[in-house]
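K.L.:
For reference, the structure I am asking about is given below.
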Amino acid sequence: MSIEENFSWEFLKNVADALDSYRIRALIDAKKDILDAGIYDESQYETILYKMLDEEKLKYSLFNFLNNNSITNLQDLSQFCEKTSIELHKTLSLLELLRNEKLVDVEEIYDKIQGDENNPEKLIFKDLSINVNDGDLSKLKPIYEPVKVIFDSKNCSGCGLCAGICPVNCLHIYNGFGKIDEDKCIRCGLCYFVCPRTYLPARVLNMTLDNTSEIKEYGKIGHFIEAYSARTKVKEISEICQDGGVSSTCIHYLFAKKKIDLALGAKMSNTLWRPEPVLLKNKEEILSTAGTKYVNNPNLQLLNQNELNNTKIAVVGVPCQMQALLKSKIYNIGFPSLNNIDYRIGIFCMESFSFESLLEICKKLNVDVKDAKKMDINKGKFFIYTEKGEELSIPIKEISHLGREDCEVCYDLTSESADISVGSIGSPSGWNTVLIRTEKGKELYEELIANNMIESKPIEDVKPGLPLLQRIAGSKKNNSKKHINSKLEENKRVPNY
Ligand code: SF4
Ligand code: SF4
Ligand code: SF4
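Numbering (our numbering), first residue to last: 6 to 502.
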């Protein structure tokens, strides 16, 4: 049978456009370098290459469809979904990719609902206005942009994912900042592709968790199915946990029931209060990770470990790490360890500090960091509790200049991209607020209750409850908008959410 009988012109055009993408060319040309680096074997290399090729082909099939059919709005876009049987949220993620690669312009159109003295003015999403950029596609196509631009613009959250997936292991994140070995880099741009601070289809993240094709507003704490206040019943955890111990209990249960082989999290390094990423292998090791750490930690960097292949993994991390993982899932990147992540357990995060800034805070509070037993942010203050039983605090306002610059543009307090999110805001002391976002998260939570591992109450039954959480999450979103706008005014690079 001839090629002509098997493949339409349209199909061949999409494949040709995809093969011409710099990402695919770099992966093909650098096959030897990738295999020599020893992170991926030949079959894993091929999986990554073909998955990337599929993704690029899908992207160009949307571009060619928009171009040929004069698609200009959301309703028109549904023709593409029908023709290709691709869900709207996936199509919107491809559109976002095209927009970020400057192949299309997309504008969101909103209806303004006037407010009154009790209700603020509201913007309700109405439609998209899509405009395909004219010209020779070969000239419009994106070229390699190094993720270094994210480090240099101080937008890098230090999540570690770029280093965790780099196929030649030439990227390293330390103390929240990244470094690339330019001699080894093959210019594949995969680090840029997965990074949550290059572009992040925030609406699509919520729609994916919600498994919906309906465009709606998700409010200040993102999509969730149920919310509770809970605390652990596991004695060893309750003795050392900072609040309710629910995230540690999740990992304890998953190990005990052999639902995971490994868990990725943060533990204290030999330098007290400077955390480091850790791969936990059993439930006993969980105790080393207890307590909130306010210094940034690139957990996801460990995803490049060979022992993560053919395993089931849970990741415990902060919102920017949950965003990075969900983004990679949406863009269907075939890295073996990413595909092995079965549970994303997100923790709430207001901001983080460099270790040096933490030492500054200790200095202001006149305490040696080695004497600190517990740290906490609560009621607008940063608290340090010492081994001697002292409670020291300083208003956040007085130390906000010490926070990491990248945290200023972070819009997410509650780990909106996790399966299950856990934090202290909203619950009484010694308890956690738990937001269940996916069916997987719900199943896990129900199993914790059924196995008598946690005590759980509906969030409506506790004070201060969700209103406080929503208020603080809303203020983080507003602050992030303010910082993004002021960076834009200064012509500085900002993350594209
Ligand atoms: S640093 Fe980025 S562009 Fe360079 S090889 Fe690693 S993933 Fe590819
Ligand atoms: S935000 Fe994460 S993926 Fe992006 S550059 Fe920083 S460490 Fe890498
Ligand atoms: S504030 Fe945001 S960017 Fe900073 S560590 Fe927390 S989740 Fe990451």
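Beta carbons: idealized from backbone N, C-alpha and C, even for Gly.
1) In chain order, what residues of the same chain lie with their CB nearer than 7 Å to the CB of ILE44, ignoring the 5 residues before and after it?
2) Here's a check: name, in chain order, each residue in its chain whose Cβ is nearer than 8 Å to the Cβ of ILE242, leaving out the five neighbours to either side.
3) Going by beta carbon distance, what residues of the same chain come within less than 7 Å of LEU99, once the five residues before and after it are set aside?
4) Within 10 Å of its beta-carbon, does PRO282 have 16 or more other beta-carbons around it, so buried, or fewer, so exposed?
5) Could you tell me whether any non-hydrogen atom of ligand 3 is closer than 8 Å to the CB of SER422?
6) Which residues in the same chain have their Cβ closer than 7 Å to the Cβ of ASN216, if we skip the five residues on either side of it in sequence?
7) According to DSSP, what are the bridge partners of ASN501?
8) Which two residues bound the contiguous beta strand (DSSP E) that contains ALA268?
9) Should the stretch 435-442 be regarded as contacting the stretch 329-337, the criterion being three or more beta carbon pairs within less than 8 Å?
10) Would the beta-carbon of CYS354 be found less than 8 Å away from any heavy atom of ligand 1?
11) By the three-class DSSP mapping on this structure, what secondary structure does TYR55 have?
12) On a Cα-Cα basis, can you pick out the residue from TYR204, ARG236, MET212, PHE358 that is closest to ARG279?
13) Check the DSSP bridge columns for VAL321 and list the partner residues they point to.
14) Does DSSP put TYR197 in a helix, a strand or coil?
15) Since GLY408 sits in a beta bridge, which residues does DSSP pair it with?
16) Beta strand (DSSP E) containing ASP381: first to last residue?
17) Below 8 Å on the Cβ atoms is my guess for TYR149 versus LEU128; work out the distance and round it to an integer in Å.
18) Across the stretch 187-204 and the stretch 79-90, are there enough close Cβ pairs to call them in contact, namely three or more that are closer than 8 Å?
19) Tell me which same chain residues have a C-beta within less than 7 Å of the C-beta of GLU365, skipping the five on either side of it?
20) If ILE425 and THR237 are in contact, beta carbons under 8 Å, what's the gap, nearest whole angstrom?
21) If you follow the beta strand (DSSP E) that GLU15 is part of, which residue opens it and which one closes it?
22) Measure from the alpha carbon of GLY227 to the alpha carbon of each residue in VAL209, PRO151, VAL239, ASP46, then state which is nearest.
23) Counting C-beta neighbours from all protein chains within 10 Å, is the total for LYS221 16 or more, i.e. buried, or is it exposed?
24) Whole alpha helix (DSSP H) runs in the stretch 222-248 with 4 or more residues, listed along the chain?
25) Kindly provide the ranges of any alpha helix (DSSP H) runs that are 4 or more residues long and lie completely inside the stretch 123-196, ordered along the chain.
26) Determine the direct distance from the alpha carbon of ASN275 to that of ASP373, and round the result to whole angstroms.
27) What is the residue span of the alpha helix (DSSP H) that SER218 lies within?
28) Using 9 Å as the threshold, is the C-beta distance between LYS462 and SER234 below it?
29) Can you give the Cα-Cα distance for LEU124 and GLY446, rounded to whole angstroms?
30) Could you check what DSSP says for LYS288 in three-state terms: helix, strand or coil?
31) Taking GLN306 as the reference, which of ILE178, ALA377, GLU421 has the closest Cα?
32) Would you please state the rounded distance, in angstroms, between the beta carbons of LEU17 and LEU32? I believe it to be under 8 Å.
33) Assess contact between the stretch 386-398 and the stretch 411-428, defined as three or more Cβ pairs (one per stretch) separated by less than 8 Å. Is contact present?
34) Suppose contacts are defined by Cβ-Cβ distances below 9 Å. Is ILE265 in contact with TYR348 by that definition?
35) Applying the criterion that 16 or more other CB atoms from any shown protein chain within 10 Å of the CB defines a buried residue, is GLN119 buried or exposed?
36) At what residues does the alpha helix (DSSP H) containing VAL427 begin and finish?
P.N.:
In this structure, then:
1) Closer than 7 Å at the Cβ level, and outside the excluded window around ILE44, lie PRO172, ASN174, ASN309.
2) Cβ contact annotation for ILE242 (same chain, cutoff 8 Å, sequence separation greater than five): GLY250, SER253, THR254, HIS257, ILE291, LEU292, ALA295, in chain order.
3) The residues are LEU63, LYS64, LEU67.
4) Buried, by the Cβ-count rule.
5) No, Cβ of SER422 sits at least 8 Å from all heavy atoms of ligand 3.
6) The same chain holds no residue with a CB closer than 7 Å to that of ASN216 once the five nearest residues on each side in sequence are set aside.
7) TYR204.
8) Note, ALA268: beta strand (DSSP E), 267-273.
9) At 8 Å Cβ cutoff, the stretches do not touch.
10) No, since every heavy atom of ligand 1 falls outside the 8 Å radius drawn around the Cβ of CYS354.
11) Three-state result, TYR55: helix.
12) That would be PHE358, whose Cα lies nearest to the Cα of ARG279.
13) Note: VAL321 sits in a beta bridge opposite ILE350.
14) DSSP places TYR197 in the helix class (H, G or I) of the three-state scheme.
15) DSSP, once it has assigned bridges, lists PHE358 as partnering GLY408.
16) Element bounds for ASP381: 377-383.
17) Actually they do not touch by this definition, with Cβ atoms about 36 Å apart.
18) Result no; under three Cβ-Cβ pairs closer than 8 Å.
19) Closer than 7 Å at the Cβ level, and outside the excluded window around GLU365, lie LEU407.
20) Here ILE425 is actually not in contact with THR237; their C-beta atoms are around 14 Å apart, not less than 8 Å.
21) Looking at the DSSP string, GLU15 is not in any beta strand (DSSP E); the run it does join, the alpha helix (DSSP H), is 14-24.
22) Closest in C-alpha terms to GLY227, from the list VAL209, PRO151, VAL239, ASP46, comes VAL209.
23) By the neighbour-count rule (16 or more Cβ atoms within 10 Å), LYS221 is not buried but exposed.
24) Taking 4 residues as the minimum length, the alpha helix (DSSP H) runs contained wholly in the stretch 222-248 are 240-245, in order along the chain.
25) If we require 4 residues or more, the alpha helix (DSSP H) runs fully inside the stretch 123-196 come out as 142-145, 153-157, 166-170.
26) The alpha-carbon of ASP373 is positioned some 16 Å away from that of ASN275.
27) Segment: none, SER218 is in no alpha helix (DSSP H) and carries neither H nor E.
28) It is a contact, given that the beta carbons lie within the stated cut-off.
29) Position check: residue 124 holds Asn in this sequence, whereas Leu was assumed. Between the C-alpha atoms of ASN124 and GLY446 there is a straight-line separation of about 33 Å.
30) The three-state reading of DSSP puts LYS288 in helix, counting H, G and I together.
31) Considering only alpha carbons, the answer is ILE178.
32) Contact between LEU17 and LEU32 fails: their C-beta atoms lie close to 21 Å from each other, not under 8 Å.
33) Counting C-beta pairs with one atom in each stretch, the stretch 386-398 and the stretch 411-428 have fewer than three that are closer than 8 Å, which means they do not touch.
34) Cβ distance < 9 Å, so ILE265 and TYR348 count as in contact.
35) Around the beta-carbon of GLN119, fewer than 16 other beta-carbon atoms lie within 10 Å, marking it exposed.
36) DSSP places VAL427 outside any alpha helix (DSSP H); the residue lies instead in the beta strand (DSSP E), whose first and last residues are 425-428.
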